[in-house]
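Chemist: So for the sequence shown, my numbering puts the first residue at 360; every next one is plus one. Built from N, CA and C at the ideal position, the CB exists for glycine as well. Bear in mind that the values here come from a model prediction, so they are computed numbers and not experimental data.
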Amino acid sequence: MKVYVEPIGGLCNRMRVIASAYQLIRPQGGKLVVKWTANEELNCPAKALFSLPRDIRVVDVKGGDNLAEKLVYYRLRLGYRYRVGNNQVMNAKQAGNLIPQDKTYYETCETFHKDSRDVDCSIFTPAPELETLAREKIGKITQGGQHPVIGLHIRRTDHSVSIRQSPTELFCRVLEARLKENPDTRFYLATDDGSLRKFFSHTYNRDAEIVFFNDSKALGRDTPAGIKAAFVELLTLSMTRRIYGSCGSSYTDMAAAMGGIPLDYVTADAMDGILGKL
Numbered sequence: 360m361k362v363y364v365e366p367i368g369g370l371c372n373r374m375r376v377i378a379s380a381y382q383l384i385r386p387q388g389g390k391l392v393v394k395w396t397a398n399e400e401l402n403c404p405a406k407a408l409f410s411l412p413r414d415i416r417v418v419d420v421k422g423g424d425n426l427a428e429k430l431v432y433y434r435l436r437l438g439y440r441y442r443v444g445n446n447q448v449m450n451a452k453q454a455g456n457l458i459p460q461d462k463t464y465y466e467t468c469e470t471f472h473k474d475s476r477d478v479d480c481s482i483f484t485p486a487p488e489l490e491t492l493a494r495e496k497i498g499k500i501t502q503g504g505q506h507p508v509i510g511l512h513i514r515r516t517d518h519s520v521s522i523r524q525s526p527t528e529l530f531c532r533v534l535e536a537r538l539k540e541n542p543d544t545r546f547y548l549a550t551d552d553g554s555l556r557k558f559f560s561h562t563y564n565r566d567a568e569i570v571f572f573n574d575s576k577a578l579g580r581d582t583p584a585g586i587k588a589a590f591v592e593l594l595t596l597s598m599t600r601r602i603y604g605s606c607g608s609s610y611t612d613m614a615a616a617m618g619g620i621p622l623d624y625v626t627a628d629a630m631d632g633i634l635g636k637l
């Protein structure tokens, strides 16, 4: 059995597609072929970020109308019989998990699991140099275990659901409640909005460094440096004790899944429950 997937969208959407497909075909002894396209949404090859089990073959290609892209397409086209698009995947899994079929090519940002929280994300082995950066960052924040570290993920830019349902003031309320509970608590903030870094630093880091950030200045996803910085940020977030994240963000979900840590979505409806746990 051989299944082909072309995960589309951003970093975590792609990772979830790969992990979901592999998890569902592995019991059948299936092999997975992944076409990973570096484009304006994610301009970095997969091999620069992580490695995968041997029975997953990743074909890294550069997006665009070029000869190399066409050669990859025709080479892969010899291996599959059917092609399934994103809407078809969405519709097919309404009743339950969609089991990928032999010699079929799936182009999607959707998981094959009906509930994406069921996806096992342990198959990704981070590039050693990127994992080292994340561990060094966590070590700096904890100062040898003196400070518990809580993760915050605030998704902004073009993500209207997160902007609307997970406003910044709610994250501030959570942060302040955690500090009141334990003044030694420190926070790692992952965000795609540079202005939020300035806001949290100005608001909470006047007397002591309470909120920490990714050291990289590259926030864009259209360069390899920006994607690597985002992946290091993801790894660092996954190494915290708990994540307070943005509603509707696959990045929030992926960080919690990779770290196996508790996750709360910061929304108005959830605030009583979140604060009630403290």
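Classify valine 478 as helix, strand or coil using the three-state DSSP reduction.
Modeler: Residue state, collapsed to three classes: coil.
Chemist: Quick one: measure Cβ to Cβ for valine 418 and glycine 389, integer angstroms, because I've assumed they're closer than 8 Å.
Modeler: Not really, about 17 Å apart at Cβ, beyond 8 Å.
Chemist: Considering histidine 512, what are the terminal residues of the beta strand (DSSP E) in which it resides?
Modeler: Per DSSP, histidine 512 belongs to the beta strand (DSSP E) from 508-513.
Chemist: Kindly confirm or deny that the segment 381-388 and the segment 560-571 touch, where touching means at least three C-beta pairs closer than 8 Å.
Modeler: Output reads no: the segment 560-571 does not touch the segment 381-388.
Chemist: Please classify tyrosine 464: is it buried, with 16 or more other beta-carbons within 10 angstroms of its beta-carbon, or exposed?
Modeler: When all chains shown are included, tyrosine 464 counts as buried.
Chemist: Compute the Euclidean distance between the alpha carbons of glutamine 502 and arginine 375, then round it to the nearest angstrom.
Modeler: Taking the straight line joining both Cα atoms gives about 33 Å.
Chemist: Anyone know if the C-beta pair for alanine 378 and valine 478 falls short of 9 Å?
Modeler: Result yes, Cβ atoms of alanine 378 and valine 478 sit closer than 9 Å.
Chemist: Let me know the secondary structure DSSP gives asparagine 450 once reduced to three states.
Modeler: DSSP places asparagine 450 in helix when its eight states are reduced to three.
Chemist: Using CA coordinates, which residue listed in Arg434, Pro485, Val392, Leu637 is at the minimum distance from isoleucine 415?
Modeler: Closest by alpha carbon: Val392.
Chemist: For lysine 421, collect the residues of the same chain with a Cβ closer than 6 Å to its Cβ; drop the 5 residues on either side in sequence, then sort them by chain order.
Modeler: So the list reads Ala397, once near-sequence residues are dropped.
Chemist: Could you tell me how far apart the beta carbons of leucine 596 and glycine 510 are, in whole angstroms, since I believe they sit closer than 8 Å?
Modeler: Yes, they are in contact, since the Cβ atoms of leucine 596 and glycine 510 sit about 5 Å apart, within 8 Å.
Chemist: Can you give me the C-alpha to C-alpha distance between glutamate 495 and cysteine 606, rounded to a whole angstrom?
Modeler: Cα to Cα, the separation comes out at about 28 Å.
Chemist: Span of the beta strand (DSSP E) holding phenylalanine 558?
Modeler: Not the beta strand (DSSP E): phenylalanine 558 falls in the alpha helix (DSSP H), residues 553-563.
Chemist: Under three-state DSSP, which class holds serine 410?
Modeler: In the structure shown, serine 410 sits in a strand (DSSP, three-state: E or B).
Chemist: Measure the alpha-carbon distance for tyrosine 346 versus threonine 599 and round it to whole angstroms.
Modeler: Any question about residue 346 goes unanswered here, given that the chain covers just 360 to 637.
Chemist: Find out if the Cβ-Cβ distance for the pair proline 507, asparagine 456 is shorter than 9 Å.
Modeler: No; because the gap between Cβ atoms is not below 9 Å, this pair is not in contact.
Chemist: From threonine 491 to arginine 440, what distance separates their C-alpha atoms?
Modeler: One C-alpha to the other measures close to 42 Å.
Chemist: How would you call threonine 470, buried or exposed, if buried means at least 16 neighbouring beta carbons within 10 angstroms?
Modeler: Answer is buried; the Cβ neighbour count reaches 16.
Chemist: From arginine 514 to glutamate 428, what does the alpha carbon distance come to, in whole angstroms?
Modeler: The alpha-carbon atoms of arginine 514 and glutamate 428 are separated by roughly 32 Å.
Chemist: Which residues share a DSSP beta bridge with aspartate 623?
Modeler: Aspartate 623 is bridged to Tyr603.
Chemist: According to DSSP, is aspartate 517 helix, strand or coil?
Modeler: If DSSP states are grouped into helix, strand and coil, aspartate 517 belongs with coil.
Chemist: Pick from His561, Asn372, Phe572: whose alpha carbon is nearest that of glutamate 466?
Modeler: That would be Asn372, whose Cα lies nearest to the Cα of glutamate 466.
Chemist: Quick check: the segment 514-524 against the segment 549-557, are at least 3 beta-carbon pairs closer than 8 Å?
Modeler: Touching, yes, given that three or more Cβ pairs across the two stretches are closer than 8 Å.
Chemist: Please report the straight-line C-alpha distance between methionine 613 and leucine 593, rounded to a whole angstrom.
Modeler: Straight-line Cα distance between these residues: approximately 8 Å.
Chemist: What residue from Val625, Leu437, His472 has the CA that sits closest to alanine 659's CA?
Modeler: No statement about residue 659 is possible, as the shown extent of the chain runs from 360 to 637 and does not include it.
Chemist: Looking only at C-alpha atoms, which of Ala405, Cys480, Phe558, Val364 sits nearest to tyrosine 610?
Modeler: Nearest C-alpha to tyrosine 610: Cys480.
Chemist: Here's the rule I'm using: 16 or more other beta-carbon atoms within 10 Å means buried, otherwise exposed. How should glycine 504 be labelled?
Modeler: So glycine 504 ends up on the exposed side.
Chemist: Check whether the Cβ atoms of methionine 630 and leucine 538 lie closer than 9 Å to each other.
Modeler: Not a contact, by the Cβ cut-off of 9 Å.
Chemist: Which two residues bound the contiguous alpha helix (DSSP H) that contains leucine 529?
Modeler: Its alpha helix (DSSP H) spans residues 527-540.
Chemist: Assign tyrosine 439 to one of three DSSP states: helix, strand, or coil.
Modeler: Coil at tyrosine 439, not helix or strand.
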